[in-house]
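Asker: Provided herewith is a single structure, encoded as structure tokens, for subsequent inquiry.
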Amino acid sequence: MHIASLLVPAIALASLASGQYVVPAADGSDGWADALGKAKALVAQMTQEEKLNITQQNNDFPRVGEIDRLGYTGLFYADGAEGIRGASYSSAFPQALNGAATWDRNLLYRRAVAIGQEARAKGINVQFGPGVNLMRTPNAGRGFEYNGADPYLAGQAGAQHVQGVQSQGVMSTVRHYIGNDQETGRRWTSSNMGDRTAHELYLWPFQDAVKAGVASTMCSYNGLNGTYSCADPMSLGKWLHEELKFQGWVLSDFGAITFGEEIDAANAGVDTTRVADPPSAPFPFGPGSALSAAVANNSVSQDRLDDMVHRIVSAWYKLGQDQDYPAYNTSVNSLSKEHNELIREIGAKSIVLLKNSNSVDLLGAPFGGGAGAGPGGFGPDSDQGNFLGGSGSSYVIPPYQVTLLDALNQQAREQNTQVFAYLDNFNHTVQASQASTGNLAWATCLVDVRQTCGEGYDRANLTASWGGDQTILSVASQCANTVVIYSACGPFNTTTWGDHPNVTAILNAGGLGQEAGNSLVDVLYGVVNPSARLPYTLAQDISDYPALPDLTIETLNTSFVDIDYNEGLFIDYRWFDKNDIAPAFEFGFAGLSYTTYKYSNLSVQPSTATLQKTVAASSDEVFDCLAIITVDITNSGQIGGSEIPQLYIGSPADGAPIKVLRGFDTVGLDAGAKKTVEFQLTRRDLSFWDTYNEGWTLPEGDHQVYIGASSRDIRETGKMKFTLA
Numbered sequence: 001m002h003i004a005s006l007l008v009p010a011i012a013l014a015s016l017a018s019g020q021y022v023v024p025a026a027d028g029s030d031g032w033a034d035a036l037g038k039a040k041a042l043v044a045q046m047t048q049e050e051k052l053n054i055t056q057q058n059n060d061f062p063r064v065g066e067i068d069r070l071g072y073t074g075l076f077y078a079d080g081a082e083g084i085r086g087a088s089y090s091s092a093f094p095q096a097l098n099g100a101a102t103w104d105r106n107l108l109y110r111r112a113v114a115i116g117q118e119a120r121a122k123g124i125n126v127q128f129g130p131g132v133n134l135m136r137t138p139n140a141g142r143g144f145e146y147n148g149a150d151p152y153l154a155g156q157a158g159a160q161h162v163q164g165v166q167s168q169g170v171m172s173t174v175r176h177y178i179g180n181d182q183e184t185g186r187r188w189t190s191s192n193m194g195d196r197t198a199h200e201l202y203l204w205p206f207q208d209a210v211k212a213g214v215a216s217t218m219c220s221y222n223g224l225n226g227t228y229s230c231a232d233p234m235s236l237g238k239w240l241h242e243e244l245k246f247q248g249w250v251l252s253d254f255g256a257i258t259f260g261e262e263i264d265a266a267n268a269g270v271d272t273t274r275v276a277d278p279p280s281a282p283f284p285f286g287p288g289s290a291l292s293a294a295v296a297n298n299s300v301s302q303d304r305l306d307d308m309v310h311r312i313v314s315a316w317y318k319l320g321q322d323q324d325y326p327a328y329n330t331s332v333n334s335l336s337k338e339h340n341e342l343i344r345e346i347g348a349k350s351i352v353l354l355k356n357s358n359s360v361d362l363l364g365a366p367f368g369g370g371a372g373a374g375p376g377g378f379g380p381d382s383d384q385g386n387f388l389g390g391s392g393s394s395y396v397i398p399p400y401q402v403t404l405l406d407a408l409n410q411q412a413r414e415q416n417t418q419v420f421a422y423l424d425n426f427n428h429t430v431q432a433s434q435a436s437t438g439n440l441a442w443a444t445c446l447v448d449v450r451q452t453c454g455e456g457y458d459r460a461n462l463t464a465s466w467g468g469d470q471t472i473l474s475v476a477s478q479c480a481n482t483v484v485i486y487s488a489c490g491p492f493n494t495t496t497w498g499d500h501p502n503v504t505a506i507l508n509a510g511g512l513g514q515e516a517g518n519s520l521v522d523v524l525y526g527v528v529n530p531s532a533r534l535p536y537t538l539a540q541d542i543s544d545y546p547a548l549p550d551l552t553i554e555t556l557n558t559s560f561v562d563i564d565y566n567e568g569l570f571i572d573y574r575w576f577d578k579n580d581i582a583p584a585f586e587f588g589f590a591g592l593s594y595t596t597y598k599y600s601n602l603s604v605q606p607s608t609a610t611l612q613k614t615v616a617a618s619s620d621e622v623f624d625c626l627a628i629i630t631v632d633i634t635n636s637g638q639i640g641g642s643e644i645p646q647l648y649i650g651s652p653a654d655g656a657p658i659k660v661l662r663g664f665d666t667v668g669l670d671a672g673a674k675k676t677v678e679f680q681l682t683r684r685d686l687s688f689w690d691t692y693n694e695g696w697t698l699p700e701g702d703h704q705v706y707i708g709a710s711s712r713d714i715r716e717t718g719k720m721k722f723t724l725a
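Read in full-length UniProt numbering, the sequence shown has 7 at position 7, and its numbers run on one by one without any break.
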């Protein structure tokens with residue numbers, strides 16, 4: 001690992017340690033000038049108590065922060081990146097990790113637009129999401145809420161979510177800032193990472209959300225390098241406000257500002273706290289709080305308080321919530337046929353076909369007369385029903401559920417086939433007996449298993465819940481054509497059953513939401529040609545991963561429990577590449593589409609200008625285009641489908657991974673069709689974080705260019721270099 005990744009900038013430390021560091025006030029840059037001007041004019045008319053009231057917010061308790069005499073309505077929140085949590089008549093969308101598995105910006109945007117539409121219809125001002133924490137550990141409890149293990153993919157998905165939700169006039173909240181990468185002991189762990197690691201991995205997707213115009217950022221429970229995230233002037237003031245020029249407002253996660261940290265949090269850059277429903281006294285912020293007293297004695301400056309309020313109110317103006325915004329009513333019916341159809345489409349296009357020995361659509365014409373629905377378990381917290389996604393803050397109660405059995409029965413009615421169902425995960429002897437019907441030439445056995453997960457805990461292992469792995473083996477022992485449907489919140493282990501000769505297909509389903517059964521049948525019967533990609537690596541064994549959650553933390557200690565990010569830049573596929581570890585299925589794995597694709601005619605066009613070697617993090621040059629890469633993709637098979645070419649870059653910088661993802665696209669092609677795909681690479685894409693100079697630095701030497709169907713299925717290679725001043 002490059003030694004710089006272990007160091008925090010000496011200059012920044014000195015300025016923070018001196019106690020003189022001041023969080024930059026919002027300046028109206030990046031299109032916020034008009035909203036900020038309106039906010040300042042309104043705030044100038046407020047009393048001190050009204051300003052303090054705005055710095056505390058509730059979910060659905062009678063609104064705190066509204067100022068009727070000035071026409072300021074205050075804000076209502078809703079949780080859930082999978083839909084509107086806790087509200088009736090709300091759609092249950094596929095989990096965020098499924099969205100990432102589509103690798104499809106258009107689908108990610110449409111999903112977010114739909115969530116924004118439902119939030120607005122209910123008068124919700126602030127919809128929590130996207131979550132852009134990285135899957136540093138494969139068994140992290142909230143991995144399903146996020147977008148996988150790569151910062152580029154997470155950033156692209158997060159930006160689409162921000163733009164989609166905010167297109168409806170609803171504020172998006174990017175979370176959890178920063179380093180909230182395990183659930184066990186999350187309130188008293190410290191995520192300890194170097195400056196380079198932070199910028200190149202964990203801060204990266206938050207920067208993309210800021211560039212997309214996100215209205216708010218939620219700071220997390222955990223500590224960062226020994227300081228609570230919500231009271232850390234380095235990550236909030238220095239990184240978020242100064243380097244990224246964030247113009248929106250920062251709120252705390254529920255209860256994330258601990259007693260005694262209120263003043264440090266305000267001075268570090270937190271603008272409002274999320275309080276209980278109904279709120280409990282005393283408020284962390286607001287009238288009569290420690291913040292109120294601190295402003296009175298100048299422990300928190302009046303300028304800081306005014307900036308806190310400016311940021312909140314300017315977001316209200318920025319999203320147009322001052323004009324004809326719907327009244328708050330979570331009982332409003334926001335459901336629609338269009339959203340149901342979108343959920344089904346996203347679900348089908350997020351299923352990764354990991355194995356397909358027969359190389360055909362699984363239950364279509366080649367299988368003839370019927371499909372046997374094999375043993376399986378159902379439900380997020382039990383073995384009945386669908387697996388919609390993980391439990392906790394993002395779980396949405398579905399308005400209805402289409403189970404796999406429902407969808408198979410409907411298909412049987414339409415095609416005059418027969419479905420046999422046996423739904424008991426635990427009686428493996430009977431499972432094997434039932435599966436013996438698989439000896440019939442026409443029969444297929446479907447085994448539907450899952451592993452539960454949720455907020456507040458990390459998975460102890462990567463095996464299926466309720467004996468699911470044994471279920472697979474029991475059925476496969478008797479059924480020559482066993483298709484496994486595996487639902488999970490992230491990586492799972494296939495070692496004991498994946499290579500079984502009778503396991504002819506494996507579908508990585510994730511959490512598909514309310515249309516789960518229909519989405520699965522669309523892929524099983526070849527209505528949808530699977531095109532999803534793994535947004536993480538599936539290892540041969542859990543010990544192959546570079547880091548695992550510390551599951552031994554039980555009680556609050558007087559000091560932080562250290563979670564040291566000793567792997568640095570090398571998480572997921574970067575670690576597997578560095579250590580030449582063979583995965584079961586690699587990051588970006590294309591699955592097994594029902595067609596094939598050919599790559600050709602790679603063109604690498606770097607900038608010919610003489611370039612400045614280092615630019616500051618806050619410079620607009622960070623996103624300048626420095627290279628254009630093109631490649632031709634041809635559908636060389638017999639049916640139409642979508643290919644997702646992936647661009648990886650190998651940097652000559654010291655300590656850099658062998659290759660990192662820096663581009664992808666979704667290319668729909670009819671059989672025989674060809675398309676030229678273009679990737680534009682920014683300075684940030686091609687630089688490393690220079691800790692000493694606190695900026696993005698272009699390294700000297702050749703950048704390697706890799707384009708392929710996954711991180712290990714590379715089809716075209718090239719290289720380029722730049723002339724540096």
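Beta carbons are placed, not taken as given, at the ideal position from N, Cα and C, and that holds for glycine.
Bear in mind the structure is a predicted one, so any value in this text is a computation, not a measurement.
Tell whether a beta-carbon distance below 8 Å holds between glycine 123 and tyrosine 328.
Answerer: Against a cut-off of 8 Å, the Cβ pair of tyrosine 328 and glycine 123 comes out as a contact.
Asker: Answer with buried or exposed for phenylalanine 259, where buried requires no fewer than 16 other C-beta atoms within 10 angstroms of its C-beta.
Answerer: Looking at its Cβ environment, which holds fewer than 16 other Cβ atoms inside 10 Å, phenylalanine 259 is exposed.
Asker: How is the alpha helix (DSSP H) around asparagine 714 delimited, first residue to last?
Answerer: Looking at the sequence itself, residue 714 is isoleucine, so the reference to asparagine does not match. Where isoleucine 714 is concerned, there is no enclosing alpha helix (DSSP H), although the beta strand (DSSP E) it sits in stretches over 714-720.
Asker: Check whether the segment 573-586 touches the segment 174-185, counting contact only when three or more Cβ pairs, one atom from each stretch, lie closer than 8 Å.
Answerer: Contact fails: fewer than three Cβ-Cβ distances are below 8 Å.
Asker: When the Cβ atoms of the segment 340-358 are set against those of the segment 523-540, are three or more pairs found closer than 8 Å?
Answerer: These segments touch.
Asker: Which residues in the same chain have their Cβ closer than 8 Å to the Cβ of alanine 294, if we skip the five residues on either side of it in sequence?
Answerer: Here the set comprises Glu262, Ile263, Ala266 and Val300.
Asker: Counting only runs that start and end within the segment 135-208, where is the beta strand (DSSP E) found for 3 or more residues in a row?
Answerer: Segments of the beta strand (DSSP E) lying fully in the segment 135-208: 171-177 and 189-192.
Asker: If contacts are defined as beta-carbon pairs under 8 Å, then threonine 471 and glutamine 431 qualify, I think. What distance do you get, rounded to the angstrom?
Answerer: Confirmed, about 6 Å.
Asker: Report the residue from Leu363, Gly392 and Ser334 whose alpha carbon sits nearest the alpha carbon of proline 399.
Answerer: For proline 399, the nearest C-alpha among the options comes from Ser334.
Asker: Between the segment 449-466 and the segment 412-421, are three or more C-beta pairs nearer than 8 Å?
Answerer: Flag = no, the segment 449-466 and the segment 412-421 do not touch.
Asker: Does cysteine 230 come out as helix, strand or coil in the three-state DSSP assignment?
Answerer: Cysteine 230: helix per DSSP, three-state reduction.
Asker: Given asparagine 133, which residues of its chain have a CB within under 7 Å of its CB, disregarding the five upstream and five downstream residues?
Answerer: Within the same chain, asparagine 133 has close Cβ partners Tyr146, His176, Asn180 and Asp181.
Asker: Grouping DSSP H, G and I as helix and E and B as strand, with all else coil, what is asparagine 508?
Answerer: Asparagine 508 falls in the strand class under three-state DSSP.
Asker: Quick check on glycine 248: does DSSP put it in helix, strand or coil?
Answerer: Here glycine 248 sits in coil by DSSP.
Asker: Alpha carbon to alpha carbon, how far is asparagine 693 from arginine 683?
Answerer: Roughly 16 Å separates the two Cα atoms.
Asker: Pick helix, strand or coil for isoleucine 649, following the three-state DSSP scheme.
Answerer: If DSSP states are grouped into helix, strand and coil, isoleucine 649 belongs with the strands.
Asker: Leaving out five residues before and five after tryptophan 497 in sequence, what residues of the same chain have Cβ atoms less than 8 Å from its Cβ?
Answerer: Within the same chain, tryptophan 497 has close Cβ partners Asp469, Ile472, Leu473, Ala476, Val484 and Val503.
Asker: Can you give me the start and stop residues for the alpha helix (DSSP H) that methionine 308 sits inside?
Answerer: Segment 302-318, the alpha helix (DSSP H) holding methionine 308.
Asker: Looking at the unbroken alpha helix (DSSP H) that takes in serine 292, where does it start and where does it end?
Answerer: Run containing serine 292: 290-296, per the alpha helix (DSSP H) assignment.
Asker: Roughly how many whole angstroms lie between the Cα atoms of tryptophan 466 and asparagine 340?
Answerer: Distance between the alpha carbons of tryptophan 466 and asparagine 340 is about 30 Å.
Asker: Could you check if leucine 724 is buried or exposed, using at least 16 other CB atoms within 10 Å of its CB as the buried criterion?
Answerer: Label assigned to leucine 724: exposed.
Asker: Which term fits valine 527, buried or exposed, when burial requires 16 or more other beta carbons within 10 angstroms of its beta carbon?
Answerer: By the 10 Å Cβ count, valine 527 comes out exposed.
Asker: Counting only the same chain and skipping the five closest in sequence on each side, list residues whose C-beta sits under 6 Å from that of valine 162.
Answerer: Excluding positions up to five away in sequence, the list reads Ser172, Ala209, Ala212 and Val214.
Asker: Within a Cβ cutoff of 7 Å, which residues of the same chain sit near alanine 100, ignoring the five residues on either side of it in sequence?
Answerer: Asn147, Gly148, Leu153, Ala157 and Pro535.
Asker: Do you know whose CA, among Lys40, Ser600, Ser603 and Thr666, lies nearest serine 350's CA?
Answerer: Out of Lys40, Ser600, Ser603 and Thr666, Thr666 has the C-alpha closest to the C-alpha of serine 350.
Asker: Between glutamine 411 and the rest of its own chain, which residues show a CB-CB distance below 6 Å, the 5 nearest in sequence each way excluded?
Answerer: Only Val521 meet the Cβ criterion.
Asker: Looking at C-alpha atoms only, which residue of Leu611, Asp670, Gly718 and Ser91 is the closest neighbour of serine 651?
Answerer: Measuring from the Cα of serine 651, the nearest candidate turns out to be Gly718.
Asker: Please confirm if the segment 109-123 is in contact with the segment 302-318, defined as three or more CB-CB distances below 8 Å between the two stretches.
Answerer: Segments in contact, no.
Asker: If we count the other Cβ atoms within 10 Å of its Cβ and call it buried at 16 or more, is glutamate 243 buried or exposed?
Answerer: By the 10 Å Cβ count, glutamate 243 comes out buried.
Asker: Entirely within the segment 409-471 and at least 4 residues each: give me those alpha helix (DSSP H) ranges in chain order.
Answerer: If we require 4 residues or more, the alpha helix (DSSP H) runs fully inside the segment 409-471 come out as 428-435.
Asker: With DSSP as the reference, label isoleucine 658 as helix, strand or coil.
Answerer: Of the three classes helix, strand and coil, the one that applies to isoleucine 658 here is coil, per DSSP.
Asker: Using C-beta distances below 7 Å, list every residue in its chain close to arginine 186, excluding the 5 sequence neighbours before and after it, in chain order.
Answerer: Asn180, Tyr221 and Asn222.
Asker: Quick check: what's the CA-CA separation for proline 205 versus alanine 81?
Answerer: C-alpha separation (whole angstroms): 16 Å.
Asker: Which one of Glu66, Gly708 and Leu362 has the shortest CA to CA distance from leucine 524?
Answerer: Per the Cα distances, Leu362.
Asker: DSSP on glycine 80, reduced to helix/strand/coil?
Answerer: Glycine 80: coil per DSSP, three-state reduction.
Asker: Check each candidate in Asp632, Gly71 and Ser29 and name the one with the smallest Cα separation from methionine 46.
Answerer: Comparing Cα positions, the closest option is Gly71.
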